[in-house]
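For reference, the structure is listed below as structure tokens.
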Amino acid sequence: MKNQPGGRRARTTTADRIHSRREHRSLLTGGSMNTASRVHRRTCWHHPSLFLLLPIVLLLTGCSGSTANTQTGCPTVTALRGAGSTFDAPLFNKLFSVYAGTPCGLSVDYYATGSGAGISQFLNQLVDFAATDAPLTDRQQGSLPNGTILHVPVTLGAVAISYHLTGVSSPLHLSGAVLASIYLGHVKSWDDPAIGHLNAGVVLPHRPIQVVHRSDGSGTTAIFTHYLAQISPTWKRTVGDGTSVAFPVGVGKQGNGGIADALSSTEGSIGYIELSYVTRLHLAAASIENQAGAYVAPSIAGAQAAAAGVETIPADLRFYVVNARGAQAYPIAGYSWVLVYRTPGDGEKGKALAQLLWRMIHDGQTYAEPLGYAPLPASIVTKGEGQIRSMRCGSSAMACFTR
1 MKNQPGGRRA RTTTADRIHS RREHRSLLTG GSMNTASRVH RRTCWHHPSL
51 FLLLPIVLLL TGCSGSTANT QTGCPTVTAL RGAGSTFDAP LFNKLFSVYA
101 GTPCGLSVDY YATGSGAGIS QFLNQLVDFA ATDAPLTDRQ QGSLPNGTIL
151 HVPVTLGAVA ISYHLTGVSS PLHLSGAVLA SIYLGHVKSW DDPAIGHLNA
201 GVVLPHRPIQ VVHRSDGSGT TAIFTHYLAQ ISPTWKRTVG DGTSVAFPVG
251 VGKQGNGGIA DALSSTEGSI GYIELSYVTR LHLAAASIEN QAGAYVAPSI
301 AGAQAAAAGV ETIPADLRFY VVNARGAQAY PIAGYSWVLV YRTPGDGEKG
351 KALAQLLWRM IHDGQTYAEP LGYAPLPASI VTKGEGQIRS MRCGSSAMAC
401 FTR
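Residues 1 to 403 (UniProt numbering) make up the sequence shown, in order.
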């Protein structure tokens with residue numbers, strides 16, 4: 001992976017906050033703003049904006065500021081801070097608002113900064129957990145000053161290749177090789193023969209391709225570029241893969257939300273974006289050629305088929321799902337993880353994190369499919385349980401998670 005950007009809280013302007021509220025009213029699923037804003041006991045939830053150019057946190061009113069939980073059997077810590085993936089933001093928004101109503105509800109500040117910035121903040125101990133669609137590199141994992149980091153899988157999704165072409169109603173077919181050529185700047189027009197050959201009968205306009213990519217450190221970028229590096233030797237040699245790469249062409253945007261905004265407003269554009277954003281904004285998405293030679297549209301079923309096609313899963317759960325085997329496998333799919341320390345510095349926070357993660361990989365999966373994510377496979381849930389059970393809290397190294 002390339003350099004990770006430093007993590008810090010972003011300043012928000014009045015315009016940002018207005019934009020945030022407008023996007024939430026129109027795009028938030030699974031509950032209204034009134035539901036999301038409801039205060040339960042001493043719990044107050046802070047939600048990331050789903051489609052912003054800056055990492056925004058909406059501060060909901062009615063929070064008492066208490067960090068102690070007197071409910072019998074609940075962790076004593078009731079406030080956690082996390083940062084990272086915008087890929088996960090719609091799901092996290094739903095889960096955290098639902099969990100606000102439980103007896104042991106937590107106040108979770110989650111900043112949808114992008115995976116790269118979230119990892120940076122976590123490694124610098126500015127947040128309690130990070131969410132990322134890109135597993136840590138061997139170099140990152142091997143040079144940690146604060147102990148072993150666990151990867152706990154929380155969701156599975158597809159990275160769609162979306163485009164904006166007025167007048168083209170049929171879903172386009174794209175191969176990995178052509179997609180790499182577009183992002184290398186070799187294929188520059190929508191009526192290029194390389195695209196036309198894959199889309200017989202489709203009248204393609206003579207229009208420049210407006211390439212859009214992420215400008216921030218992004219796990220979605222890591223999934224996309226890891227796929228291109230497997231397909232295209234030229235891409236692997238000249239660009240490589242990671243959360244941040246030097247794209248040869250195109251315009252950079254922050255977050256999946258920034259990509260969505262650009263695709264919605266720019267004629268002739270193409271970009272990579274998490275499937276749930278495509279679904280909610282009704283964006284067009286290409287069918288991508290998979291390893292079996294079939295063209296598969298991004299979908300929950302396609303992501304599940306890709307996950308099933310992964311032959312070897314390492315014990316530390318650091319792996320990619322791209323270009324997986326299977327006739328129905330969508331080739332640009334990936335997991336997203338929450339990163340936590342095996343031995344958290346604050347034992348009470350470790351207990352709260354373990355309880356939160358257990359819920360996310362169990363009852364939390366019931367909210368995945370309605371939001372455009374695939375529920376975790378049972379085998380991955382079991383592996384996630386093992387990661388959570390391995391967390392150790394306190395001077396006596398007791399298990400953080402107890403039931």
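All C-beta atoms, glycine included, are put in the ideal place defined by N, C-alpha and C.
**Report entry** Close Cβ partners of residue 379 (< 7 Å) along its chain, the five nearest in sequence each way excluded
**Finding:** none
Query raised in the report: Taking Cβ positions, are residue 273 and residue 160 nearer each other than 7 Å?
Result: yes
Query raised in the report: CB residue 89 to CB residue 112, shorter than 7 Å?
Result: yes
Query raised in the report: Are residue 130 and residue 119 closer than 7 Å when you measure CB to CB?
Result: yes
Query raised in the report: What first and last residue would you give for the beta strand (DSSP E) that runs through residue 151?
Result: 149-163
Report task. Measure the alpha-carbon distance for residue 185 versus residue 334 and round it to whole angstroms. Result -> 25 Å
Query raised in the report: Which partner residues does residue 274 have in the DSSP bridge list?
Result: 159
Query raised in the report: For residue 294, which residues from the same chain have a beta carbon less than 7 Å from its beta carbon, with the 5 sequence-adjacent residues on both sides left out?
Result: 327
Query raised in the report: Three or more C-beta pairs closer than 8 Å, one from the segment 92-103 and one from the segment 270-287: is that the case here?
Result: no
Query - Cβ-Cβ distance between residue 389 and residue 343 below 7 Å - result: no
**Report entry** Contact belief for residue 376 with residue 365 at Cβ below 8 Å, rounded distance in angstroms
**Finding:** 6 Å
Requested in this report: Tell me whether residue 311 is buried or exposed, calling it buried when 16 or more other Cβ atoms sit within 10 Å of its Cβ.
Outcome: exposed
Query - Buried or exposed (CB count within 10 angstroms, at least 16 for buried), residue 369 - result: exposed
Requested in this report: Select from 386, 362, 307 and 351 the residue whose C-alpha is nearest the C-alpha of residue 401.
Outcome: 351
Requested in this report: Starting from residue 253, trace the alpha helix (DSSP H) both ways and give me its first and last residue.
Outcome: Residue 253 -> not in any alpha helix (DSSP H); beta strand (DSSP E) instead, spanning 251-253.
Query raised in the report: So what's residue 90 in DSSP terms, helix, strand or just coil?
Result: helix
Query raised in the report: What separation, rounded to the nearest whole angstrom, lies between the Cα atoms of residue 66 and residue 367?
Result: Interpretation of residue 66 is limited by its pLDDT of 35, a score under 50 that renders its predicted location unreliable; the figure taken from the coordinates is listed afterwards. Cα-Cα distance, rounded: 28 Å.
Query raised in the report: Helix or strand or just coil, what does DSSP make of residue 395?
Result: coil
Query - Rounded straight-line distance, which links the Cα of residue 200 to that of residue 83 - result: 44 Å
Query raised in the report: Do the segment 240-250 and the segment 204-224 make contact, defined as three or more Cβ pairs closer than 8 Å?
Result: yes
**Report entry** Residue nearest to residue 238 in terms of C-alpha spacing, selected from 180, 348 and 269
**Finding:** 180
Report task. Compare the Cα-Cα distances from residue 314 to each of 153, 264 and 76 and report the closest residue. Result -> 153
Query - Status (buried if at least 16 other CB within 10 Å, exposed otherwise) for residue 243 - result: buried
Requested in this report: Starting from residue 234, follow the alpha helix (DSSP H) in both directions and report where the run begins and ends.
Outcome: 233-238
Query raised in the report: At what residues does the alpha helix (DSSP H) containing residue 183 begin and finish?
Result: 176-184
Query - DSSP state of residue 125 mapped onto helix, strand, coil - result: coil
Query raised in the report: Among all the DSSP beta bridges, which residues are the ones paired with residue 334?
Result: 157
Requested in this report: Identify, in the order they occur along the chain, each residue of the same chain with its Cβ nearer than 7 Å to the Cβ of residue 196, setting aside the five sequence neighbours on each side.
Outcome: 204
**Report entry** Start and end residues, beta strand (DSSP E) containing residue 313
**Finding:** Unbroken run through residue 313: none, as it is neither H nor E.
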